[in-house]
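Numbering (the working numbering), first residue to last: 25 to 163.
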């Protein structure tokens, strides 16, 4: 009976920890990235989770990781990195990485299309639109 009770207590504690992870998107994506360090999706989504919380430096770090994991081939991570750098006031660097996103996928030159396609939230797309107006991409 004691063994069963001890096992039940361990299971309850583990379940409680998992619930905490699922209640905070930053914890969820960090946990996912910890378990799968080569997941571009986890790193990218962690960036957006930090961005939504106003944690610009953490967002930038997550997006940098996503660009590294993808070997520079994931436009969404470049665009996220651009808006994060913009929030940090690093506009020249934001321009360079924004153009990387647009080179990979022209949709990022028209941020409102990201909302239409349910890729980005309106507030994030509005932040990207500032870069699109300031630094129009030219072939």
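Virtual Cβ for every residue (Gly too), placed ideally from N, Cα, C.
What's the C-alpha gap between residue i and residue j?
i, j, result
"residue 85", "residue 114", "14 Å"
"residue 134", "residue 64", "23 Å"
"residue 159", "residue 104", "15 Å"
"residue 127", "residue 97", "10 Å"
"residue 50", "residue 76", "10 Å"
"residue 73", "residue 157", "25 Å"
"residue 88", "residue 94", "10 Å"
"residue 60", "residue 66", "8 Å"
"residue 145", "residue 52", "19 Å"
"residue 78", "residue 108", "10 Å"
"residue 163", "residue 142", "26 Å"
"residue 120", "residue 106", "8 Å"
"residue 161", "residue 116", "14 Å"
"residue 137", "residue 147", "13 Å"
Between residue i and residue j, is the Cβ-Cβ spacing less than 7 Å?
i, j, result
"residue 83", "residue 129", "no"
"residue 101", "residue 90", "yes"
"residue 149", "residue 139", "yes"
"residue 155", "residue 122", "yes"
I believe residue i touches residue j by the beta-carbon criterion, under 8 Å. Please report the beta-carbon distance rounded to the nearest angstrom.
i, j, result
"residue 80", "residue 57", "At roughly 18 Å, the Cβ-Cβ gap does not stay under 8 Å, so residue 80 and residue 57 are not in contact."
"residue 92", "residue 70", "Not confirmed; about 13 Å, so no contact."
"residue 110", "residue 151", "7 Å"
Counting only runs that start and end within the segment 113 to 163, where is the alpha helix (DSSP H) found for 4 or more residues in a row? You should have 115 to 128, 135 to 140 and 146 to 158.
Alpha helix (DSSP H) runs contained entirely in the segment 46 to 98, provided each spans 4 or more residues: 49 to 59, 64 to 76 and 80 to 93
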